[in-house]
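So in this note's numbering, spot 317 of the sequence shown is number 339, and the numbers just go up one at a time.
In this text, a Cβ means the ideal position worked out from N, Cα and C, and glycines have one as well.
Since the model is a prediction, treat every value here as computed from it, not as a measurement.
Written below as C-alpha coordinates is the structure these notes are about.
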Amino acid sequence: MRKRNFYILSVLSCLVGAPALANWQYPGTYVGDGWYEDDGARFVISGRGGASFGFGSIKNQVGALVNPYFYEPETGVIVAPGYCANKNNCEGYELAGYGDLDKISPSKDFKGYAFAAGASIGWTLPYRPQWRIEAGWDHVAKTDYNASPMFDGDLQLYGGAEDVTVSVQSGAVNSTVTTDIISAMAYYDFFDGLQKPIETFIPYIGVGLGYADSKTVLNLSDPYGDLSVQYDLYPYGELDENKVLNFYKSETTSSNVAGILAVGFSYGIAENMFLDFGVRMIYLPRIKWELSNEDGTRHREYFKAENMIYTNAMLGLRFEF
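Right, here's the structure in full:
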(Lines of atoms letter the chains of each structure in order from A and count residues from 1; the text may use other names and numbers.)
(Lines give C-alpha, C1' and ligand atoms only; values in the text may rest on other atoms or scores of the structure.)
Protein backbone atom coordinates (compact mmCIF):
# COMPACT_ATOMS: atom_id res chain seq x y z
CA MET A 1 0.00 0.00 0.00
CA ARG A 2 2.83 2.37 0.86
CA LYS A 3 4.57 1.54 -2.43
CA ARG A 4 1.36 2.27 -4.36
CA ASN A 5 0.94 5.65 -2.60
CA PHE A 6 4.56 6.49 -3.31
CA TYR A 7 4.05 5.63 -6.99
CA ILE A 8 0.92 7.80 -7.25
CA LEU A 9 2.68 10.75 -5.60
CA SER A 10 5.60 10.38 -8.00
CA VAL A 11 3.27 10.48 -11.02
CA LEU A 12 1.39 13.53 -9.67
CA SER A 13 4.68 15.34 -9.05
CA CYS A 14 5.69 14.80 -12.66
CA LEU A 15 2.30 16.00 -13.93
CA VAL A 16 2.51 19.19 -11.85
CA GLY A 17 6.14 19.93 -12.62
CA ALA A 18 6.09 19.20 -16.33
CA PRO A 19 4.03 22.26 -17.37
CA ALA A 20 6.39 24.58 -15.49
CA LEU A 21 9.39 23.15 -17.38
CA ALA A 22 7.67 23.09 -20.74
CA ASN A 23 8.34 25.81 -23.32
CA TRP A 24 4.74 27.05 -23.51
CA GLN A 25 4.16 29.55 -26.31
CA TYR A 26 1.69 30.54 -29.00
CA PRO A 27 1.90 28.51 -32.21
CA GLY A 28 4.21 30.06 -34.74
CA THR A 29 4.04 29.52 -38.48
CA TYR A 30 5.24 26.46 -40.37
CA VAL A 31 6.75 27.41 -43.72
CA GLY A 32 8.35 25.51 -46.57
CA ASP A 33 9.15 21.92 -45.66
CA GLY A 34 8.03 22.31 -42.03
CA TRP A 35 10.58 24.76 -40.63
CA TYR A 36 9.05 26.50 -37.58
CA GLU A 37 8.94 30.31 -37.41
CA ASP A 38 8.27 31.87 -33.97
CA ASP A 39 6.21 35.06 -34.34
CA GLY A 40 7.05 36.22 -30.77
CA ALA A 41 3.44 36.18 -29.53
CA ARG A 42 3.01 35.00 -25.94
CA PHE A 43 0.24 34.60 -23.40
CA VAL A 44 1.11 36.72 -20.35
CA ILE A 45 0.08 36.25 -16.71
CA SER A 46 1.53 38.11 -13.73
CA GLY A 47 1.11 38.79 -10.02
CA ARG A 48 2.61 41.55 -7.88
CA GLY A 49 2.65 43.08 -4.42
CA GLY A 50 4.20 46.04 -2.63
CA ALA A 51 3.43 49.42 -1.08
CA SER A 52 1.22 52.35 -2.05
CA PHE A 53 1.47 56.02 -1.17
CA GLY A 54 -1.66 58.05 -1.74
CA PHE A 55 -2.20 61.79 -1.61
CA GLY A 56 -4.97 64.19 -2.53
CA SER A 57 -6.50 67.58 -1.74
CA ILE A 58 -9.24 67.44 0.92
CA LYS A 59 -12.22 69.74 0.30
CA ASN A 60 -15.04 70.83 2.62
CA GLN A 61 -18.41 69.49 1.40
CA VAL A 62 -20.65 69.98 4.44
CA GLY A 63 -22.94 72.41 2.64
CA ALA A 64 -24.76 75.18 4.52
CA LEU A 65 -24.34 74.64 8.27
CA VAL A 66 -24.90 77.98 9.96
CA ASN A 67 -24.04 78.35 13.64
CA PRO A 68 -24.70 81.31 15.95
CA TYR A 69 -21.72 82.46 18.01
CA PHE A 70 -22.02 84.37 21.28
CA TYR A 71 -19.82 86.65 23.34
CA GLU A 72 -19.66 87.64 26.98
CA PRO A 73 -20.00 91.44 27.22
CA GLU A 74 -17.69 91.83 30.21
CA THR A 75 -14.75 89.89 28.75
CA GLY A 76 -15.50 89.95 25.01
CA VAL A 77 -14.80 86.22 24.82
CA ILE A 78 -16.58 84.57 21.87
CA VAL A 79 -17.87 81.05 22.41
CA ALA A 80 -19.34 78.31 20.23
CA PRO A 81 -23.06 77.55 20.52
CA GLY A 82 -22.46 74.19 22.18
CA TYR A 83 -20.46 75.79 24.98
CA CYS A 84 -22.96 78.58 25.43
CA ALA A 85 -25.92 76.19 25.54
CA ASN A 86 -24.38 74.43 28.54
CA LYS A 87 -24.18 77.74 30.41
CA ASN A 88 -27.84 78.32 31.29
CA ASN A 89 -28.91 78.48 27.64
CA CYS A 90 -26.67 81.44 26.83
CA GLU A 91 -27.98 83.59 29.66
CA GLY A 92 -25.65 86.56 30.06
CA TYR A 93 -24.24 86.17 26.54
CA GLU A 94 -25.02 88.26 23.48
CA LEU A 95 -25.09 87.30 19.81
CA ALA A 96 -21.78 87.91 18.06
CA GLY A 97 -23.06 86.76 14.67
CA TYR A 98 -23.60 83.75 12.43
CA GLY A 99 -20.99 81.70 10.64
CA ASP A 100 -21.25 79.03 7.94
CA LEU A 101 -19.10 75.94 8.56
CA ASP A 102 -18.91 75.42 4.79
CA LYS A 103 -16.47 78.38 4.63
CA ILE A 104 -13.77 76.73 6.79
CA SER A 105 -10.91 74.80 5.22
CA PRO A 106 -9.92 71.25 6.21
CA SER A 107 -7.04 71.09 8.68
CA LYS A 108 -4.94 68.80 6.46
CA ASP A 109 -4.86 67.03 3.11
CA PHE A 110 -4.89 63.30 2.46
CA LYS A 111 -1.58 61.44 2.75
CA GLY A 112 -1.10 57.81 3.65
CA TYR A 113 0.67 54.50 3.05
CA ALA A 114 -0.94 51.11 2.48
CA PHE A 115 -0.30 47.63 1.09
CA ALA A 116 -0.92 47.18 -2.64
CA ALA A 117 -1.31 44.07 -4.80
CA GLY A 118 -2.37 43.20 -8.31
CA ALA A 119 -2.61 40.66 -11.11
CA SER A 120 -2.82 40.83 -14.91
CA ILE A 121 -3.39 38.67 -17.96
CA GLY A 122 -2.72 39.54 -21.59
CA TRP A 123 -0.53 38.83 -24.57
CA THR A 124 2.38 40.15 -26.62
CA LEU A 125 1.66 41.06 -30.23
CA PRO A 126 2.77 38.77 -33.08
CA TYR A 127 5.98 40.02 -34.75
CA ARG A 128 5.92 42.99 -32.36
CA PRO A 129 6.54 41.30 -28.99
CA GLN A 130 7.83 44.55 -27.53
CA TRP A 131 4.17 45.51 -27.17
CA ARG A 132 2.17 43.92 -24.35
CA ILE A 133 -1.59 44.36 -23.95
CA GLU A 134 -2.93 43.44 -20.50
CA ALA A 135 -6.13 43.51 -18.47
CA GLY A 136 -5.34 43.99 -14.81
CA TRP A 137 -6.65 44.35 -11.28
CA ASP A 138 -4.99 46.44 -8.57
CA HIS A 139 -5.97 46.63 -4.92
CA VAL A 140 -4.91 49.39 -2.52
CA ALA A 141 -5.60 48.23 1.03
CA LYS A 142 -7.13 50.27 3.82
CA THR A 143 -5.53 53.74 4.08
CA ASP A 144 -6.25 55.94 7.11
CA TYR A 145 -7.32 59.57 7.08
CA ASN A 146 -7.66 60.99 10.60
CA ALA A 147 -7.99 64.65 11.54
CA SER A 148 -8.79 66.50 14.76
CA PRO A 149 -10.01 69.12 14.18
CA MET A 150 -11.42 68.23 10.80
CA PHE A 151 -11.95 71.89 9.87
CA ASP A 152 -9.80 74.70 11.23
CA GLY A 153 -9.63 78.35 10.21
CA ASP A 154 -10.88 81.91 10.53
CA LEU A 155 -14.58 82.55 9.98
CA GLN A 156 -16.20 85.89 9.22
CA LEU A 157 -19.44 86.28 11.20
CA TYR A 158 -22.46 88.17 9.94
CA GLY A 159 -25.75 89.36 11.45
CA GLY A 160 -24.23 90.57 14.73
CA ALA A 161 -23.80 94.01 16.19
CA GLU A 162 -20.48 94.43 14.35
CA ASP A 163 -18.20 92.52 12.01
CA VAL A 164 -16.32 89.82 13.89
CA THR A 165 -13.81 87.20 12.73
CA VAL A 166 -13.37 84.15 14.91
CA SER A 167 -11.00 81.20 14.85
CA VAL A 168 -13.12 78.06 14.50
CA GLN A 169 -12.30 74.40 14.99
CA SER A 170 -14.95 71.83 14.12
CA GLY A 171 -15.33 68.07 14.23
CA ALA A 172 -12.90 65.16 14.37
CA VAL A 173 -12.77 62.27 11.92
CA ASN A 174 -11.39 58.76 11.99
CA SER A 175 -11.75 57.33 8.50
CA THR A 176 -10.37 54.90 5.92
CA VAL A 177 -10.46 54.33 2.17
CA THR A 178 -9.94 51.10 0.20
CA THR A 179 -9.63 51.14 -3.60
CA ASP A 180 -9.87 48.53 -6.37
CA ILE A 181 -8.99 49.29 -10.00
CA ILE A 182 -9.80 47.24 -13.11
CA SER A 183 -7.63 48.45 -15.99
CA ALA A 184 -6.63 47.96 -19.63
CA MET A 185 -2.91 48.63 -20.16
CA ALA A 186 -0.51 48.87 -23.10
CA TYR A 187 3.21 48.33 -22.36
CA TYR A 188 6.35 48.70 -24.43
CA ASP A 189 9.38 46.57 -23.47
CA PHE A 190 12.72 47.90 -24.70
CA PHE A 191 14.54 44.96 -26.33
CA ASP A 192 15.47 43.79 -29.83
CA GLY A 193 14.31 40.67 -31.60
CA LEU A 194 11.31 38.40 -31.19
CA GLN A 195 12.23 36.85 -27.83
CA LYS A 196 13.09 38.59 -24.59
CA PRO A 197 16.66 37.93 -23.43
CA ILE A 198 17.26 36.25 -20.08
CA GLU A 199 19.61 37.48 -17.33
CA THR A 200 19.15 40.99 -18.71
CA PHE A 201 17.34 44.05 -17.36
CA ILE A 202 14.58 45.11 -19.76
CA PRO A 203 13.00 48.53 -19.06
CA TYR A 204 9.39 49.22 -19.95
CA ILE A 205 6.76 51.95 -19.94
CA GLY A 206 2.99 51.63 -19.90
CA VAL A 207 -0.21 53.65 -20.11
CA GLY A 208 -3.83 52.74 -19.57
CA LEU A 209 -7.34 53.52 -18.39
CA GLY A 210 -9.41 51.83 -15.74
CA TYR A 211 -12.49 51.76 -13.56
CA ALA A 212 -11.86 52.50 -9.88
CA ASP A 213 -14.14 51.63 -6.98
CA SER A 214 -13.26 53.32 -3.66
CA LYS A 215 -14.98 52.41 -0.38
CA THR A 216 -14.74 54.95 2.45
CA VAL A 217 -15.64 54.48 6.12
CA LEU A 218 -16.27 57.60 8.23
CA ASN A 219 -16.46 57.97 12.01
CA LEU A 220 -17.27 61.60 12.89
CA SER A 221 -17.28 63.04 16.41
CA ASP A 222 -18.02 66.48 17.89
CA PRO A 223 -15.34 67.43 20.45
CA TYR A 224 -15.88 71.17 19.89
CA GLY A 225 -19.65 71.25 20.43
CA ASP A 226 -20.67 73.04 17.24
CA LEU A 227 -22.16 70.05 15.40
CA SER A 228 -24.46 68.84 18.18
CA VAL A 229 -26.67 71.94 17.84
CA GLN A 230 -27.18 71.42 14.09
CA TYR A 231 -30.66 70.02 13.51
CA ASP A 232 -29.71 69.17 9.90
CA LEU A 233 -27.24 66.60 11.27
CA TYR A 234 -29.62 64.88 13.70
CA PRO A 235 -30.63 62.14 11.20
CA TYR A 236 -27.00 60.96 11.15
CA GLY A 237 -26.55 60.27 14.86
CA GLU A 238 -28.09 60.14 18.33
CA LEU A 239 -27.97 62.65 21.18
CA ASP A 240 -26.67 61.29 24.46
CA GLU A 241 -27.64 62.42 27.97
CA ASN A 242 -25.19 65.33 27.68
CA LYS A 243 -26.81 66.49 24.42
CA VAL A 244 -23.72 65.49 22.42
CA LEU A 245 -24.47 64.09 18.97
CA ASN A 246 -22.88 60.65 18.48
CA PHE A 247 -22.66 60.04 14.75
CA TYR A 248 -23.30 56.67 13.12
CA LYS A 249 -20.47 54.86 11.38
CA SER A 250 -20.93 55.65 7.67
CA GLU A 251 -19.81 53.79 4.55
CA THR A 252 -19.77 55.18 1.01
CA THR A 253 -18.60 54.01 -2.41
CA SER A 254 -17.12 56.31 -5.07
CA SER A 255 -16.67 55.28 -8.72
CA ASN A 256 -14.14 56.92 -11.03
CA VAL A 257 -12.47 56.60 -14.40
CA ALA A 258 -8.78 56.11 -13.57
CA GLY A 259 -5.76 57.19 -15.59
CA ILE A 260 -2.65 55.01 -15.17
CA LEU A 261 1.05 55.46 -16.00
CA ALA A 262 3.63 52.72 -15.39
CA VAL A 263 7.42 52.48 -15.55
CA GLY A 264 9.71 49.66 -14.50
CA PHE A 265 11.98 46.88 -15.62
CA SER A 266 11.92 43.11 -15.83
CA TYR A 267 14.71 40.58 -15.45
CA GLY A 268 14.57 37.21 -17.16
CA ILE A 269 15.31 34.34 -14.79
CA ALA A 270 14.13 31.71 -17.30
CA GLU A 271 12.93 31.65 -20.89
CA ASN A 272 9.33 32.32 -19.87
CA MET A 273 9.71 33.71 -16.33
CA PHE A 274 10.58 37.31 -15.42
CA LEU A 275 11.02 39.25 -12.21
CA ASP A 276 9.11 42.51 -12.56
CA PHE A 277 9.68 45.68 -10.54
CA GLY A 278 7.45 48.59 -11.45
CA VAL A 279 5.87 51.81 -10.27
CA ARG A 280 2.28 52.66 -11.17
CA MET A 281 0.77 56.12 -10.79
CA ILE A 282 -3.03 55.95 -10.65
CA TYR A 283 -5.07 59.16 -10.92
CA LEU A 284 -8.60 59.38 -9.51
CA PRO A 285 -10.58 62.63 -9.89
CA ARG A 286 -12.58 62.36 -6.67
CA ILE A 287 -13.20 60.20 -3.58
CA LYS A 288 -15.99 61.19 -1.20
CA TRP A 289 -16.78 60.60 2.48
CA GLU A 290 -20.45 60.81 3.50
CA LEU A 291 -22.55 60.74 6.63
CA SER A 292 -25.39 58.21 6.64
CA ASN A 293 -28.36 57.51 8.86
CA GLU A 294 -28.71 54.36 10.95
CA ASP A 295 -30.06 52.12 8.17
CA GLY A 296 -27.97 53.67 5.37
CA THR A 297 -30.93 55.03 3.40
CA ARG A 298 -30.01 58.71 3.74
CA HIS A 299 -26.64 60.30 2.99
CA ARG A 300 -24.94 63.68 3.24
CA GLU A 301 -21.52 64.37 1.76
CA TYR A 302 -19.10 65.72 4.36
CA PHE A 303 -15.73 66.01 2.63
CA LYS A 304 -13.90 64.71 -0.43
CA ALA A 305 -10.40 64.12 -1.77
CA GLU A 306 -9.80 65.72 -5.16
CA ASN A 307 -7.06 64.81 -7.66
CA MET A 308 -6.20 61.66 -5.75
CA ILE A 309 -2.98 59.95 -6.83
CA TYR A 310 -1.83 56.50 -5.76
CA THR A 311 1.82 55.66 -6.37
CA ASN A 312 2.25 51.89 -6.17
CA ALA A 313 5.75 50.37 -6.05
CA MET A 314 5.48 46.61 -6.53
CA LEU A 315 7.62 43.54 -7.14
CA GLY A 316 6.16 40.56 -8.97
CA LEU A 317 6.56 37.59 -11.29
CA ARG A 318 5.50 37.58 -14.94
CA PHE A 319 5.12 34.44 -17.03
CA GLU A 320 5.06 34.54 -20.83
CA PHE A 321 4.04 31.23 -22.42
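Asked: Asn-45 to Leu-297 span [Cα, whole Å]; Found: Residue confidence for Asn-45 is low, a pLDDT of 44 falling below 50, so the modelled location carries little weight and cannot support an answer.
Asked: Touch test, the stretch 202-219 against the stretch 164-182, Cβ-Cβ under 8 Å, three pairs minimum; Found: no
Asked: Own chain partners of Asp-262 with C-beta closer than 7 Å, once the 5 adjacent residues on each side are dropped; Found: Asn-268
Asked: Among Tyr-226, Arg-302, Ile-220 and Phe-343, nearest to Ile-291 - alpha-carbon criterion; Found: Ile-220
Asked: Cβ-based neighbour list, Val-190, same chain, cut-off 6 Å, excluding 5 preceding and 5 following; Found: Ile-126 and Leu-177
Asked: Three-pair Cβ contact test at 8 Å for the stretch 321-328 versus the stretch 300-313; Found: yes
Asked: Sequence-distant residues of its chain with Cβ nearer than 6 Å to Ser-142 (five each side left out); Found: Ser-68, Glu-156 and Gly-158
Asked: Tyr-332 - DSSP class collapsed to helix/strand/coil; Found: strand
Asked: Reference Arg-302; option with closest CA among Leu-283, Glu-342, Gly-259 and Arg-340; Found: Leu-283
Asked: Distance between Tyr-180 and Tyr-210 (C-alpha atoms, nearest Å); Found: 60 Å
Asked: Selected residue, minimal CA-CA separation from Thr-6, among Phe-287, Ser-314 and Gly-259; Found: The structure shown has nothing for residue 6, since the chain only spans 23 to 343.
Asked: Limits of the beta strand (DSSP E) - the one that Met-207 falls within; Found: 194-211
Asked: Exposure label - Lys-271; buried when at least 16 CB within 10 Å; Found: exposed
Asked: Span of the beta strand (DSSP E) around Phe-92; Found: 88-93
Asked: Limits of the beta strand (DSSP E) - the one that Tyr-120 falls within; Found: 116-122
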